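Add 14 to a position in the sequence shown, counting from 1, and you land on the number used in our numbering. Notes to accompany the following structure.
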Amino acid sequence: MKTKVLMVCLGNICRSPLAEGILKSKVDSDKVFVDSAGTAGYHIGNAPDSRSVAVAKKYGLDIGSQKCRQFSQMDFKEFDWIYVMDRSNLSSVINLTKTTEEMSKVKLLLDEVNLGIKEVPDPYYGGESGFEDVYQMIDIACEAIAKKLN
Numbered sequence: 015m016k017t018k019v020l021m022v023c024l025g026n027i028c029r030s031p032l033a034e035g036i037l038k039s040k041v042d043s044d045k046v047f048v049d050s051a052g053t054a055g056y057h058i059g060n061a062p063d064s065r066s067v068a069v070a071k072k073y074g075l076d077i078g079s080q081k082c083r084q085f086s087q088m089d090f091k092e093f094d095w096i097y098v099m100d101r102s103n104l105s106s107v108i109n110l111t112k113t114t115e116e117m118s119k120v121k122l123l124l125d126e127v128n129l130g131i132k133e134v135p136d137p138y139y140g141g142e143s144g145f146e147d148v149y150q151m152i153d154i155a156c157e158a159i160a161k162k163l164n
């Protein structure tokens, strides 16, 4: 049986698509399924932000074919681990839980590593360097997650 991991941010266009692509590149796809979603439905059906696509491409990852979707209650049943990018989205996801089992699946992504910060900042309104910084943070966390899953 595959382990299923879901990456979650606000709009599912910047951070969580990067996290999905990065983790997919580090795990055995026969053993681990990775997806992403947003807590808000602003961009349903859209591709990730072009700046996320560009920074992923810089590191040899193609995330351009991903499609944004909104997080749903069913995700608690589908996924073993739900990693969120910041406390605001953590709160949004936790508020949808109905059981302690569902709640136990949800974690901040950066809780997997010790970077001195707990939240992956939203790079949407920042410049290009914000996407690079976010990529690096997510990459370090995904490396730690991959070691646990492989």
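Beta carbons: idealized from backbone N, C-alpha and C, even for Gly. In this text, all values refer to a predicted model and were calculated from it rather than measured experimentally.
For the alpha helix (DSSP H) containing residue i, list its first residue and its last residue.
i      : result
Leu163 : 142–163
Leu122 : First-last for Leu122: 120–122, but that is the beta strand (DSSP E), not the alpha helix (DSSP H).
Would you grab the beta carbon distance between residue i and residue j for me? Rounded to a whole angstrom, and I think it's under 8 angstroms.
i      : j      : result
Val22  : Phe90  : At roughly 12 angstroms, the Cβ-Cβ gap does not stay under 8 angstroms, so Val22 and Phe90 are not in contact.
Val46  : Lys16  : 6 angstroms
Cys156 : Ala33  : 6 angstroms
Leu124 : Met151 : 7 angstroms
Of the choices the options, whose alpha-carbon is the least far from that of residue i?
i      : options                        : result
Val120 : Val148, Leu20, Asp42           : Leu20
Tyr73  : Arg101, Phe145, Glu116         : Phe145
Asn165 : Leu122, Thr114, Ser118, Met117 : Since the first and last residues shown for the chain are 15 and 164, residue 165 lies out of range.
Arg101 : Asp44, Lys132, Lys161, Glu115  : Lys132
Ser66  : Thr53, Gly59, Gln80            : Gln80
Just curious, the beta strand (DSSP E) that residue i is in, first and last residue?
i     : result
Met21 : 17–23
What number of angstroms, rounded off, separates the C-alpha of residue i from the C-alpha of residue j?
i      : j      : result
Ala61  : Ser106 : 23 angstroms
Asn164 : Ile96  : 17 angstroms
Phe93  : Ser30  : 15 angstroms
Cys82  : Ser50  : 8 angstroms
Leu37  : Leu75  : 11 angstroms
Glu142 : Val148 : 10 angstroms
Spatial neighbours of residue i within its chain, please: CB distance less than 7 angstroms, with the 5 preceding and 5 following residues excluded, ordered by chain position.
i     : result
Gly55 : Gln84
Thr53 : Val22, Leu24, Phe85, Asn103, Ser106, Val107
Going along the chain, which residues of its own chain have a beta-carbon closer than 6 angstroms to the beta-carbon of residue i, five neighbours each way excluded?
i      : result
Tyr138 : Cys28
With a CB to CB cut of under 8 angstroms and the five nearest residues on each side skipped, what residues in its chain are close to residue i?
i     : result
His57 : Gly25, Asn26, Ile27, Cys82
Cβ of residue i less than 9 angstroms from any chain C Cβ?
i      : result
Ile152 : Here there is only one protein chain, and chain C is not present.
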